[in-house]
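Following: one structure in structure tokens, then a few remarks.
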Amino acid sequence: MGGINASRDTANALNKQMRILENRLDKANQKFNEAIAHNKKLREEIDNLRRERVIFDKIYQKLEKELHNKRKEMANIIEAANSAYEDRDRAQDQLAALKQQAEREQMEFEKEWKNLNTLIEKDKKMKDFLKLKQAEREHAEHTEAPKAEDDTARKRGKASPSQLTAERVKIYEDAFNKIQAATGIQDIDELVNNFIRAEDKNFTLFKFVNELSNDIEMLEKQIQDLQIEITSCKGKEDGQHMQRKKITLEEKQNKYANKAEMYELKYQEALKTVNALKEEIKKLFVGIDCQTQLAHEFLGDNVTESNMEQYLALIEQRSSEIFQAYALLQMQKGRGEFAMPGPQGPPSSNPPRIEAPNVRDDISDEEEDIEDDKPLTSEEFKQRAEKRAQQLESQLKNKFKQSKIRSKK
Numbered sequence: 001m002g003g004i005n006a007s008r009d010t011a012n013a014l015n016k017q018m019r020i021l022e023n024r025l026d027k028a029n030q031k032f033n034e035a036i037a038h039n040k041k042l043r044e045e046i047d048n049l050r051r052e053r054v055i056f057d058k059i060y061q062k063l064e065k066e067l068h069n070k071r072k073e074m075a076n077i078i079e080a081a082n083s084a085y086e087d088r089d090r091a092q093d094q095l096a097a098l099k100q101q102a103e104r105e106q107m108e109f110e111k112e113w114k115n116l117n118t119l120i121e122k123d124k125k126m127k128d129f130l131k132l133k134q135a136e137r138e139h140a141e142h143t144e145a146p147k148a149e150d151d152t153a154r155k156r157g158k159a160s161p162s163q164l165t166a167e168r169v170k171i172y173e174d175a176f177n178k179i180q181a182a183t184g185i186q187d188i189d190e191l192v193n194n195f196i197r198a199e200d201k202n203f204t205l206f207k208f209v210n211e212l213s214n215d216i217e218m219l220e221k222q223i224q225d226l227q228i229e230i231t232s233c234k235g236k237e238d239g240q241h242m243q244r245k246k247i248t249l250e251e252k253q254n255k256y257a258n259k260a261e262m263y264e265l266k267y268q269e270a271l272k273t274v275n276a277l278k279e280e281i282k283k284l285f286v287g288i289d290c291q292t293q294l295a296h297e298f299l300g301d302n303v304t305e306s307n308m309e310q311y312l313a314l315i316e317q318r319s320s321e322i323f324q325a326y327a328l329l330q331m332q333k334g335r336g337e338f339a340m341p342g343p344q345g346p347p348s349s350n351p352p353r354i355e356a357p358n359v360r361d362d363i364s365d366e367e368e369d370i371e372d373d374k375p376l377t378s379e380e381f382k383q384r385a386e387k388r389a390q391q392l393e394s395q396l397k398n399k400f401k402q403s404k405i406r407s408k409k
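Every letter in the sequence shown is one number past the one before it in the UniProt record's numbering, and letter 397, counting from 1, is 397.
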């Protein structure tokens with residue numbers, strides 16, 4: 001009976017130890033799955049943040065380029081406006097110079113016009129004189145002889161008005177002879193007709209000059225009015241156009257500045273999230289005791305955006321190593337095959353029934369005090385597993401000896 005009870009106690013102890021280890025394995029699997037899920041979530045967040053950062057960088061570059069183009073366009077518009085103002089000033093200077101030239105030409109024209117009027121008056125007086133001379137000569141030719149005798153008697157006597165008239169006629173004849181010598185025309189009628197034609201021509205020219213003067217004055221007034229109207233319209237149009245364009249550019253600039261500020265805020269929030277992820281990854285990396293020295297040699301001392309995925313891969317690899325070490329220990333202790341977390345193959349038709357272990361069944365205080373939340377290195381895990389196996393073997397040996405002693409008694 002003692003041997004049977006000892007074997008039964010040994011089997012019960014093995015079953016209890018198996019349940020304890022399976023319970024711990026379930027907890028470890030649960031933590032491992034949670035760590036994998038958390039790593040997956042972190043990777044997704046990192047990928048999303050990277051995509052958002054790329055999008056934000058593109059949008060920011062686009063906005064920077066548009067803002068640069070708008071500023072360049074504004075500078076070109078201002079330069080064009082300055083050039084237009086300079087052209088307007090040059091046009092005003094040219095207009096002032098043309099006005100001064102027109103005033104000088106007007107003064108010269110009036111002076112020449114006065115001279116021409118003086119010549120016309122002289123020609124008119126000469127024409128009247130020639131007509132009078134011709135009439136007197138014709139009258140003298142038809143005067144009767146007594147009258148000639150009377151004139152002779154008068155000449156002998158005291159000087160009379162006729163003598164004075166004769167002297168005047170002589171003066172006129174001398175002047176007429178000079179005119180004939182100057183013009184080369186001997187016939188008085190022809191000379192008179194030439195003077196009449198010249199007078200008509202001068203009168204026609206005078207009328208034409210007056211008409212031209214009136215037309216010039218009217219055109220100058222129209223030009224001045226048009227210049228004033230053009231300047232006014234041009235100033236209004238340029239001012240309104242520049243104002244509208246300035247308002248539009250200011251609105252666009254404010255809009256792009258607001259967008260850039262919004263994207264900058266989003267970028268800062270994303271950067272904060274990435275920094276928080278870096279800290280969590282660093283804590284997890286140190287907590288599960290990864291190959292810190294090797295990681296520092298290849299990845300550096302800090303977690304960055306470029307090596308974040310490598311750190312997560314090392315964390316996942318370290319978690320797999322921990323479970324593989326535990327499975328190897330179980331296989332060395334005769335537990336048989338050990339299934340890693342996750343489905344490894346199709347389920348069997350008769351799956352083994354695993355009873356939930358009772359944590360109060362003969363578990364020592366040392367086992368109860370094991371900190372499940374504290375991550376272990378592979379060496380610590382092996383040492384603890386070997387220590388637990390040795391304790392189990394010693395307990396089994398003691399129970400077997402006690403059963404033999406009871407059987408002998």
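Backbone N, C-alpha and C define an ideal beta-carbon position, used for all residues, glycine too.
Tell me whether residue i is buried or exposed, calling it buried when 16 or more other Cβ atoms sit within 10 Å of its Cβ.
i	result
S319	buried
F208	exposed
Q317	exposed
V286	exposed
E17	The sequence given here has Gln at residue 17, not Glu. Buried, since its Cβ has 16 or more Cβ neighbours within 10 Å.
M303	For clarity, residue 303 is Val in the given sequence; the question names Met instead. With 16 or more other Cβ atoms within 10 Å, it is buried.
Q100	exposed
C290	buried
F129	exposed
A28	buried
Q92	exposed
F203	exposed
Q332	exposed
I46	buried
I171	exposed
I281	buried
L212	exposed
L205	exposed
Since residue i and residue j are thought to touch, with beta carbons under 8 Å apart, how far apart are those beta carbons, to the nearest angstrom?
i	j	result
K278	M308	7 Å
Q310	L299	6 Å
L42	L312	7 Å
L63	A260	5 Å
A182	D123	Actually they are not in contact, since the Cβ atoms of A182 and D123 sit about 13 Å apart, beyond 8 Å.
Q227	L95	6 Å
residue 467	I185	Nothing about residue 467 can be read from this structure; the chain reaches only from 1 to 409.
E220	A102	7 Å
Within a Cβ cutoff of 7 Å, which residues of the same chain sit near residue i, ignoring the five residues on either side of it in sequence?
i	result
D189	none
K252	K70
M74	L249
D284	Sequence inspection shows Leu at residue 284; the Asp mentioned does not correspond to that position. Only I315 meet the Cβ criterion.
R8	none
A66	The residue you asked about is not Ala; residue 66 is Glu in the sequence shown. Only Y256 meet the Cβ criterion.
Y60	A260, Y263
A35	S319
Looking only at its chain, what residues have a beta carbon closer than 8 Å to the beta carbon of residue i, apart from the 5 residues adjacent to it on each side?
i	result
I196	K127
F56	Y263, K266, Y267, A270
D89	none
E105	none
V192	K127, L130, K131, Q134
E173	K133
N82	none
For residue i, which residues of its own chain have a beta-carbon under 6 Å away from its beta-carbon, when the five flanking residues on both sides are left out?
i	result
Q30	none
A175	none
Q243	none
R137	none
(request) Tell me the start and end of each unbroken beta strand (DSSP E) in the region 71-113 that is at least 3 residues and wholly inside, in chain order. (result) Correct list: empty.
**Item:** Every unbroken alpha helix (DSSP H) within the region 26-60, with a cutoff of 4 residues, ordered by chain
**Value:** Segments of the alpha helix (DSSP H) lying fully in the region 26-60: there are none.
Mind listing, in chain order, the continuous alpha helix (DSSP H) runs of no fewer than 4 residues lying wholly within the region 195-257? Scanning the region 195-257 for uninterrupted alpha helix (DSSP H) segments of 4 residues or longer gives nothing; none is fully contained.
ask   = Which ranges does the alpha helix (DSSP H) cover as unbroken runs of at least 4 residues, wholly within the region 255-333, from first to last along the chain?
value = Taken in chain order, the complete alpha helix (DSSP H) segments of 4 residues or longer contained in the region 255-333 are 292-299, 308-332.
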